[in-house]
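*Asks:* Take a look at this one; I'll ask things after.
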Amino acid sequence: MSLSIRWKVALGTLLALTLGLAVAGILAFRSIEQLELLRAKEALAARTGLVSFALEPLLSRSADRPRLQTMAKELGRHANARVTIIDHRGNVLADSDVADDAVAQIENHGSRPEVQQAFAGGRGTDARRSDTTGQRTVYLALQVTPPGAAHPSIVRLGLPLTLLEQRVHDLQRTLMIAFGVAFVIAVTVSLFIARGLTRPLSDIAVVARQLAGGSLGQRIQTRSNDEVGVLAATLNQMADRMDRDITALRRLEQVRRDFVANVSHELRTPLTSIKGYVEALLDGAKDNPEEATRFLQIILNQSDRLNLILEDLLQLSQIESGLVRFKRDPVRLSALVERTLPLIKPLVDKKRQSLTVAVSPDLPPVSGDEDRLVQVLTNLLDNAVKYTPEGGTISILGSIAGQPADEPAQVELSVTDTGIGIPDADRPRVFERFYRVDKARSREMGGTGLGLSNVRHIVEGHAGRIWV
């Protein structure tokens with residue numbers, strides 16, 4: 018069974034804390050034992066010095082063993098320690114913890130480490146289990162050479178470690194309790210840390226699954242600034258991009274479907290008309306010259322309309338695919354208007370409309386393709402003429418657009434009319450392919466529904482902007 022990240026983090030943290038506590042406990046136990054042993058040796062050194070000073074007069078007079086034994090027991094009671102007197106051969110002369118009649122049977126102590134150290138350097142220490150008393154004891158031996166004595170003697174004090182061990186055990190027990198409490202706290206802290214670290218990851222996993230399932234509106238709520246927070250923010254940014262991209266793809270797909278439907282409809286309308294009039298001619302209308310001429314004129318008009326639609330589609334496809342490369346020549350707006358007016362003036366005069374032009378020759382030139390810009394202005398003016406009633410007014414105005422002082426000047430060219438206008442709801446879409454505000458009216462006026470779309474692409478290809 019695989020563990021979750023939360024438990025992996027919790028167990029890893031707990032293991033690290035446990036090992037830390039275990040190492041700290043071992044070091045603490047050893048330190049306490051060594052510290053207590055050092056304190057015992059220091060206390061023993063002071064007592065041994067006092068006992069040696071008290072025994073020195075007896076050792077200088079070569080006192081008999083019974084007297085030394087009595088003195089050793091007396092000093093042992095006062096020093097609260099085992100007092101042993103050893104001659105230069107290692108024989109035990111007196112021992113406070115041994116019965117008087119058993120002193121003579123004590124084995125030779127000349128091989129004891131502390132005794133050898135004392136003979137060699139004046140002082141010796143050792144800690145071991147006593148062969149005589151069976152207790153674990155710390156020893157300190159001092160070499161004593163009283164004035165007038167032929168040989169040095171050894172005065173040794175032994176302090177049983179029973180009380181020391183009990184004190185060490187008490188301290189260790191206290192430490193164990195403290196470490197137990199610390200362990201419980203460590204468990205709690207490790208679980209808390211694991212929860213704090215993995216909860217955002219769990220949230221990220223949940224949101225990731227929801228995103229994978231198509232729920233692109235889900236986001237991760239986090240205030241963390243660490244790596245987990247960065248991961249959450251990155252996933253949120255990715256979700257935002259996915260949402261935008263999918264929305265754009267859906268919109269493009271809808272545009273594609275609409276485009277196919279519109280193209281089919283726009284092509285089918287003139288083809289249906291052509292087919293109907295051809296069938297009428299075949300059915301006998303050709304025998305009536307007047308009717309035949311009228312039908313043929315309609316067929317010609319519908320063929321022209323079909324050709325116009327195909328040309329606009331081809332041009333739009335070339336512009337959108339980047340196959341069209343716009344020239345970058347200096348173009349003056351006044352010259353642009355002068356080229357366009359002869360194409361539009363007959364249409365304006367036919368509807369008895371008024372056309373006013375306010376484009377100064379002093380306006381700075383723009384960099385662009387003059388032929389394409391003429392196409393843009395022609396299309397805009399053609400629409401203005403179509404949708405402005407007879408006697409209406411159409412205006413062309415050129416001006417310098419407001420720009421920050423540190424940026425190049427931009428020129429704005431506007432076409433306004435007194436026509437029927439465009440509702441606010443339709444304005445954002447008038448530059449889409451085949452989009453018509455009034456479909457029936459637009460077809461009656463001969464529009465293909467592609468003119469403004471071509472206009473927008475040409476303007477944007479010149480790094481410009483067009484709006485209604």
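Residue numbers (our numbering): 18 to 485. Heads up, the beta-carbon is just placed ideally off N, CA and C, and yes, glycines get one too. Here the structure is a predicted model, which means the values were calculated and not measured.
(1) Measuring alpha carbon to alpha carbon, tell me which residue in Glu91, Ser219, Leu364 is nearest Lys403.
(2) Between Phe200 and Asp243, what straight-line distance do the alpha-carbon atoms span, to the nearest angstrom?
(3) Taking C-beta to C-beta, are Leu174 and Leu157 nearer than 8 Å?
(4) Under three-state DSSP, which class holds Thr35?
(5) Thinking C-alpha only, which one of Asn400, Ala418, Glu449, Glu407 is nearest Thr433?
(6) Can you pull the DSSP bridge partners for Thr410?
(7) Spell out the partners DSSP gives Val383 in its beta bridges.
(8) Spatial neighbours of Leu110 within its chain, please: CB distance less than 7 Å, with the 5 preceding and 5 following residues excluded, ordered by chain position.
(9) Mind checking Pro217: buried by the 16 CB within 10 Å criterion, or exposed?
(10) Would you mind stating whether Gly139 and Val132 have Cβ atoms separated by less than 8 Å?
(11) Counting Cβ pairs, one atom from each stretch, are 3 or more of them under 8 Å apart for the segment 317-327 and the segment 377-388?
(12) If you scan the segment 153-178 from start to end, which runs of the alpha helix (DSSP H) of 4 or more residues do you find wholly inside it?
(13) From the DSSP output, in three-state form, read off Asp243 for me.
(14) Thinking just about the alpha-carbon of each residue, which of Pro445, Ile439, Val428 is nearest to the one in His479?
(15) Count the other CB atoms, across all protein chains shown, that sit within 10 Å of the CB of Leu31; report buried if there are 16 or more and exposed otherwise.
(16) Report yes if the C-beta distance between Leu430 and Phe448 is below 8 Å; otherwise report no.
(17) Under DSSP, the alpha helix (DSSP H) around Ser470 begins and ends at which residues?
(18) Does the contact criterion of 3 or more C-beta pairs under 8 Å hold for the segment 338-358 versus the segment 303-318?
(19) According to DSSP, what are the bridge partners of Gln427?
(20) For Ala60 and Leu176, what's the separation of their Cα atoms in angstroms?
(21) Over what stretch of residues does the beta strand (DSSP E) that includes Ala144 continue unbroken?
(22) Since I believe Val155 is in contact with Ala167 (beta carbons under 8 Å), could you give me their beta-carbon distance rounded to a whole number of angstroms?
(23) Looking at C-alpha atoms only, which residue of Gln314, Thr87, Leu92, Ala297 is the closest neighbour of Phe70?
(24) Give the secondary structure of Val485 by DSSP, where H, G and I count as helix, E and B as strand, and everything else as coil.
(25) Which partner residues of Ala111 appear in the DSSP bridge assignment?
(26) In whole angstroms, give me the CA-to-CA distance for Gln332 and Leu340.
(27) Quick one, which of Lys368, Arg47, Pro130 has its alpha-carbon nearest Arg146's?
(28) Per DSSP, Val432 forms a beta bridge with which residues?
(29) State the DSSP-derived secondary structure class of Ser48, mapped to helix, strand or coil.
(30) Do Gly409 and Gly438 have their C-beta atoms closer together than 8 Å?
(31) Taking buried to mean at least 16 other C-beta atoms within 10 Å of its own C-beta, is Arg446 buried or exposed?
(32) What would DSSP say about Asp118, mapped onto helix, strand or coil?
(33) Just to confirm, are Arg56 and Ala96 a CB contact at a threshold of 8 Å?
(34) Under 8 Å by Cβ, that's how I've got Leu252 and Ile237 pegged, so tell me the actual separation to the nearest angstrom.
(35) Please report the distance separating the alpha-carbon of Pro169 from that of His126.
*Replies:* In terms of the structure at hand:
(1) Nearest neighbour of Lys403 by Cα position, chosen from Glu91, Ser219, Leu364, turns out to be Leu364.
(2) 28 Å
(3) yes
(4) helix
(5) Each of Asn400, Ala418, Glu449, Glu407 was checked against the Cα of Thr433, and the nearest Cα belongs to Asn400.
(6) Ser371
(7) In the DSSP output, where bridge partners are listed per residue, Val383 has Val348.
(8) Arg82, Leu85, Ile102, Ile103, Asp104
(9) Buried.
(10) no
(11) no
(12) The segment 153-178 contains no whole alpha helix (DSSP H) run of 4 or more residues.
(13) coil
(14) Val428
(15) buried
(16) no
(17) 468-478
(18) No, because fewer than three Cβ pairs between the segment 338-358 and the segment 303-318 fall closer than 8 Å, the two stretches do not touch.
(19) Ala418
(20) Roughly 10 Å separates the two Cα atoms.
(21) 140-146
(22) Incorrect: roughly 31 Å between the Cβ atoms, too far for contact.
(23) Leu92
(24) coil
(25) Ile102
(26) Taking the straight line from one Cα to the other gives about 10 Å.
(27) Pro130
(28) Ile413
(29) helix
(30) no
(31) Residue burial annotation: Arg446 is exposed, with fewer than 16 other C-beta atoms found within 10 angstroms of its C-beta.
(32) helix
(33) It is not a contact, given that the beta carbons lie outside the stated cut-off.
(34) Indeed they touch by this definition, with Cβ atoms about 6 Å apart.
(35) 15 Å
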